[in-house]
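When we follow our numbering, the leftmost residue of the sequence shown carries the number 1105, and every step to the right adds one.
Positions of the beta carbon are idealized from the N, C-alpha and C atoms, including for glycine.
In this text the structure is predicted, and so the values were computed from the model without any measurement.
Here's the structure we're looking at; comments come further down.
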Amino acid sequence: MNICVFLSAADLDDRYTRPAREFAELLGKGGHTLVWGGSDVGLMKVVADGVQEAGGRLLGVSVDFLAAKVRPNADEMVIAGDLAERKALLLEKADAVVVMVGGTGTLDEATEILELKKHGKTRKPVVLLNTAGFYDGLKEQFRRMEDEGFLPVPLTELVFFAEEPVGALAYLEAVTSTATAVGQGQ
């Protein structure tokens, strides 16, 4: 499975890097491909290192103005002209999406995929990995949006909240195997 991970390129402390590394190792050991922003810095580097060291593939999608920060030994690297093209390519190349801790760029990427799902433009599973309670406030806001009628579909159809890396990958593997079985008429 090609799993797109939206996450920060910042250098972060162990409460964020340890679970990110754990998820990356699970992804690599599972034979999956990491689709990510292509940077070789911060949390992006931690995840790419973990996937690669565990035997997974790396498919990066960077952007012109960040080309100096791309990972030199990725299995595949695409350079987009701008951030909008980058987001589109990341989503196009992915079978599923995991949102890890991040700033405004990560939040922008997360809300875009959820908006596409809300309108039926994609059915790709989305997991929000709530490391160290980072997204507790966002989770509450999404629940309020649902409760007050701002979401035309149930929140559970848009996003799965995982508290631990193993739960995030288990969910993705379960929903994609179910979708494959249904698609094959089983």
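For VAL1151, the enclosing alpha helix (DSSP H) starts and ends at 1146-1157.
Cβ contact annotation for VAL1231 (same chain, cutoff 8 Å, sequence separation greater than five): ALA1200, VAL1201, VAL1202, VAL1203, VAL1263, PHE1264, PHE1265, ALA1266, ALA1272, TYR1275, LEU1276, in chain order. The DSSP-derived three-state label of PHE1110 is strand. Here PHE1238 has VAL1205 as same chain residues with Cβ atoms under 6 Å from its own Cβ, once five neighbours each way along the sequence are excluded. Taking C-alpha positions only, PHE1254 is separated from LEU1211 by approximately 18 Å. When C-alpha distances from LEU1147 are compared across THR1121, GLU1244, ALA1172, ALA1188, the shortest belongs to THR1121.
Separation of the CB atoms of VAL1167 and LEU1138 is rounded to 17 Å, and the pair is thereby denied contact status at 8 Å. Cβ neighbours of LYS1191 within its own chain (closer than 7 Å, five residues either side excluded): GLU1213, GLU1216. VAL1151 places its beta carbon less than 8 Å from that of ALA1128. Separation of VAL1257 and PHE1169 (C-alpha to C-alpha, rounded to the nearest whole angstrom) is 37 Å.
Straight-line spacing of the CA atoms in ALA1171 and LYS1221 works out to 30 Å. Leaving aside the five residues that flank ALA1198 on each side, the residues in its chain whose CB is nearer than 6 Å to its CB run, in chain order, ASN1106, CYS1108, VAL1139.
The three-state reading of DSSP puts MET1181 in strand, counting E and B together.
Note on geometry: alpha-carbon atoms of MET1181 and GLU1252 lie some 42 Å from one another.
Each residue's CA atom was taken as its position, placing GLY1159 and ASP1144 some 18 Å apart.
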